[in-house]
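Taken in sequence, the protein lines are chains A and B. Just so you know, we're using this note's numbering here: the first sequence kicks off at 1 and counts up by one. Just so you know, we're using this note's numbering here: the second sequence kicks off at 1 and counts up by one. Ideal Cβ positions, reconstructed from N, Cα and C, are used throughout, including at glycine. Computed from a prediction, not measured in an experiment: that's the story for all the values here. Here is the structure we will look at.
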Amino acid sequence: MSTDLLEQVSGHFNYWMAVILMMVGLYVVLSRHNLIKKLVGLNIFQTSVFILYVSMGKIHGGIAPIYVEGVTEQPVFSNPVPHVLMLTAIVVGIATTALGLSLVVLIKKTFNTIEEDEIQASLDKKRRKP
Amino acid sequence: MTAHLPVLQVVLPLMAAPLCVVIRQLTLVRLFSLVVTGTAFLISATLLYQVNTAGPISYAIGNWPAPYGIEYRIDLLNAVLLFIISLIGFLVLIYSKNSIAREITQNRLYLFHSLYLLCMTGLLGMVITGDVFNLFVFLEITALSSYALIAMGGGRLGNPQALYAAFRYLILGTLGGTFYIIGVGLMYMMTGALNMADLARLLPSVFDTTTIQAALGFLVVGITLKMALFPLHMWQAAAYARAPSTVSSFLAATATKVAVYVQLRMIFTVFGQIPLFRDTPLDEILIVLALSSMIIGSLSAVYQKDMRRMLAFSSLAQIGYIVLGIGLNNATALSASIVHLFNHALMKSALFMALGAVFMSTHSVKRGAMRGLGRNMPITMAAFVVAGLSLIGVPLTSGFISKWLLVQGALESGMWPVALMILVSSLLSIIYIWKVVEAAYFKKPKRALPKARDPGPTMWVPMWILAAASIWFGVDAGTTVGIANKVAETLLGGVPQ
């Protein structure tokens, strides 16, 4: 049983790491009240997806799919498509983080805090005295 | 030229968005974006006509053939969605002129137009594409531009809460989007395909693996977050209530509808060869969530004092009706969903537009501030009442048609308690719409409202076009129901029973 588990972990090391990072990221997003920490958690969560995609493109012994003149034997290529997809996803991730951080800057300017519970408290106070 | 219409539909607003930033001069930017959205509307109308007469269109981007390149595929379902998005997009932009001038800082108005066009690009792209990863890219374009649009509500007249609402939407929206690509990744892992038609062909042979079942789970949760179905609706009320009125009129009508479309695509096209409703508990899950959305949405709407929040909660209930139609799994209910997708877009946009006009003249959207407005703003309040009646589902309005079909669908599936719940939710909507009517027509204002006056024609004409359309499609339901029946038949036709 324990050797089985060990084998599974070592055989799917990347996937285990991806899942662990995913859960860590999700937990940070849901549990932290600090807006910057939330964004960091979101980033970890997104990064885990990059690892998931890149791992699935890799084949044992596979090399980068580049055509070399004169090489006659057919080499094993890794799948380049997931890498390309993740380039797009990384761009999306950067844009999201940048937008999120600029919102945090504006929130800090207006509410003078970046703690979620304090923002909520100041909103509630406003609601009570119209 | 007409052969390239599918790509022009998306590329036109996409190219126009940065140009708005270059032009900068406000009058020119406004004129330019009106021309662009107007053209996009004409293109979508042409596409709808072509698809309705000649069948689905497939367009290979850059001439790369389908499974390798990105394919744009338009059938009747997404042609209808394209039509709704570009119609609402055009009308809301006409409406926007005076409203955004009051609610957004003057020197950022040209940026508003740029973001608006980007948001529209994303929505159109999500609908038109036949590639699951391309869909993700457009989903993020929509999401990023709508976070920024909502945050613009933090400007002059608006309140700082818009920033916080936008941030919360950013966190949850990104989680939803990321769940979606995890699902896509897991599907790619097993099939090596990203094209929807290709996936549909390859998925049945691997559906018994946990990977694909996990993929289905991730996809459904991600999309459900985007369409704000209970219990993942928490971002919606704050976002719609705090955004500039123009933005809520556009997003409330289109963004969640597009998410519903993606759900339909996933269930009936990508997983179309697998009898999901027979082999998985997906239909029970959808029905339970939809019923909870209907009841909780309507109940919450009754207790709101802020009228925009009220409409946002009513949207939750309406999305519930639409999803219920999907879950009931018969042709009548499904076509009810599709009709309601269309009808609800029209009436919700009209309602938000009316509130935008109220906000302009009274600087508030609290129910208390609407006292006596029936006398001061007859045109606006009449539009609100007409669209509100349609929301309730009074006979001779479009809302009645979709609810009638939905009740029929529920009875067809032998679920009379579900039909009863639809009636209960509709009764609740009478209460919250009536409260507004009572305040506007039967109560005297606390103090005189000499300044409250109907807005100019740029605002009330688009509002009334939508309000009148919700009457028109209630009286003459043949067109919408006919198209919806056709769509429902094609969607269900592929699924093995």
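Checklist entry - Per DSSP, T129 of chain B forms a beta bridge with which residues? => result Looking at the DSSP assignment, T129 of chain B forms a beta bridge with B:Y72.
Checklist entry - DSSP state of E115 of chain A, grouped into three classes? => result If DSSP states are grouped into helix, strand and coil, E115 of chain A belongs with the strands.
Next on the checklist: Taking 8 angstroms as the cut-off, does the stretch 304 to 323 of chain B touch the stretch 233 to 242 of chain B (at least 3 CB pairs, one atom from each stretch)?
Outcome noted: yes
Item to check | Length of the line joining the Cα atoms of A166 of chain B and A54 of chain B | outcome: 42 angstroms
Checklist entry - Taking the DSSP output, what are the residues bridged to K366 of chain B? => result B:D306
Item to check | Close beta carbons around V407 of chain B, own chain, < 8 angstroms, minus the five adjacent residues each side | outcome: Excluding its 5 nearest sequence neighbours in each direction, V407 of chain B has C-beta neighbours in its own chain below 8 angstroms: A419, I422, L423, listed in chain order.
Next on the checklist: Buried or exposed, going by whether 16 or more other CB atoms sit within 10 Å of the CB of Q9 of chain B?
Outcome noted: buried
Item to check | Stretch pair the stretch 93 to 100 of chain A + the stretch 197 to 213 of chain B: three plus CB contacts closer than 8 angstroms | outcome: The way I'd put it, the stretch 93 to 100 of chain A doesn't touch the stretch 197 to 213 of chain B; fewer than three beta-carbon pairs between them come closer than 8 angstroms.
Checklist entry - From T110 of chain A to L172 of chain B, what does the alpha carbon distance come to, in whole angstroms? => result Whole-angstrom Cα-Cα distance: 22 angstroms.
Next on the checklist: What does the alpha-carbon distance come out to for the pair V475 of chain B and L396 of chain B?
Outcome noted: 5 angstroms
Item to check | CB contact check: N79 of chain A to chain B, cutoff 9 angstroms | outcome: yes
Checklist entry - Hey, L21 of chain A and F45 of chain A: beta-carbon distance below 9 angstroms or not? => result yes
Checklist entry - Mind pulling the chain B residues with CB within less than 7 angstroms of A89 of chain A? => result Contact of A89 of chain A with chain B by beta-carbon distance below 7 angstroms involves I181.
Checklist entry - Which residue or residues does DSSP assign as beta-bridge partners of Y59 of chain B? => result B:Y72
Next on the checklist: Considering only the alpha carbon of each residue, which of A:P80, A:T72, A:V49 lies closest to I63 of chain A?
Outcome noted: A:P80
Item to check | Short CB-CB distance (under 9 angstroms) between T178 of chain B and chain D | outcome: Within the model displayed, chain D is absent; protein chains A and B are what it includes.
Item to check | Cα-Cα separation between L91 of chain B and P462 of chain B, rounded to whole angstroms | outcome: 5 angstroms
Checklist entry - Taking only beta-carbon atoms, is G100 of chain A less than 9 angstroms away from chain B? => result Closer than 9 angstroms to some Cβ of chain B, the Cβ of G100 of chain A qualifies, so yes.
Next on the checklist: Less than 9 angstroms between the C-beta atoms of I483 of chain B and N52 of chain B, yes or no?
Outcome noted: yes
Next on the checklist: On the CB-based measure, 16 or more other CB atoms within 10 Å of its CB, does I212 of chain B come out buried or exposed?
Outcome noted: Its Cβ being crowded by 16 or more others within 10 Å, I212 of chain B is buried.
Item to check | Extent of the continuous alpha helix (DSSP H) to which Q213 of chain B belongs | outcome: Looking at the DSSP string, the run of the alpha helix (DSSP H) that includes Q213 of chain B is 210 to 226.
Checklist entry - Where do the ends of the alpha helix (DSSP H) carrying V24 of chain A lie? => result 13 to 31
Checklist entry - In this structure, what does DSSP give as the bridge partners for I433 of chain B? => result Answer is none; I433 of chain B lacks a bridge partner.
Next on the checklist: Using only the alpha-carbon positions, how far apart do S337 of chain B and A440 of chain B sit?
Outcome noted: Each residue's alpha carbon lies about 32 angstroms from the other.
Checklist entry - Excluding sequence positions up to five away, which residues of its chain have a Cβ less than 8 angstroms from the Cβ of I94 of chain B? => result Around I94 of chain B: L34, T458, V461, P462.
Checklist entry - Is there at least one Cβ from chain A nearer than 9 angstroms to P6 of chain B's Cβ? => result no
Item to check | Cβ pair count under 8 angstroms reaching 3, the stretch 464 to 473 of chain B against the stretch 371 to 390 of chain B | outcome: A contact exists between the stretch 464 to 473 of chain B and the stretch 371 to 390 of chain B.
Checklist entry - What's the gap between the Cα of I295 of chain B and the Cα of L229 of chain B? => result 12 angstroms
Checklist entry - Are the C-beta atoms of M189 of chain B and some chain A residue less than 9 angstroms apart? => result yes
Checklist entry - By Cβ distance, which residues of its chain are closer than 8 angstroms to T46 of chain B, with the 5 residues on each side in sequence left out? => result Answer for T46 of chain B: T2, L5, listed in chain order.
Checklist entry - Just by C-beta distance, which residues in the stretch 92 to 118 of chain A are closer than 8 angstroms to chain B? => result V92, A95, T96, L99, G100, L103, V104, L106, I107, T110, F111
Checklist entry - Residue range of the alpha helix (DSSP H) that E412 of chain B falls in? => result 398 to 412 is the extent of the alpha helix (DSSP H) around E412 of chain B.
Next on the checklist: Counting only Cβ pairs nearer than 7 angstroms, list the residues of chain A close to E140 of chain B.
Outcome noted: V92
Checklist entry - Would a check of beta-carbon distances place Q161 of chain B closer than 9 angstroms to chain A? => result The beta-carbon of Q161 of chain B is placed less than 9 angstroms from the nearest beta-carbon of chain A.
Checklist entry - Where DSSP assigns a beta bridge to F77 of chain A, which residues make up the other side? => result A:I63
Checklist entry - What's the call for P130 of chain A, buried or exposed, on a 16-neighbour Cβ count within 10 Å? => result With a pLDDT of 48 at P130 of chain A, under the threshold of 50, the modelled position of this residue cannot be trusted; read the value that follows with caution. Its Cβ having fewer than 16 others within 10 Å, P130 of chain A is exposed.
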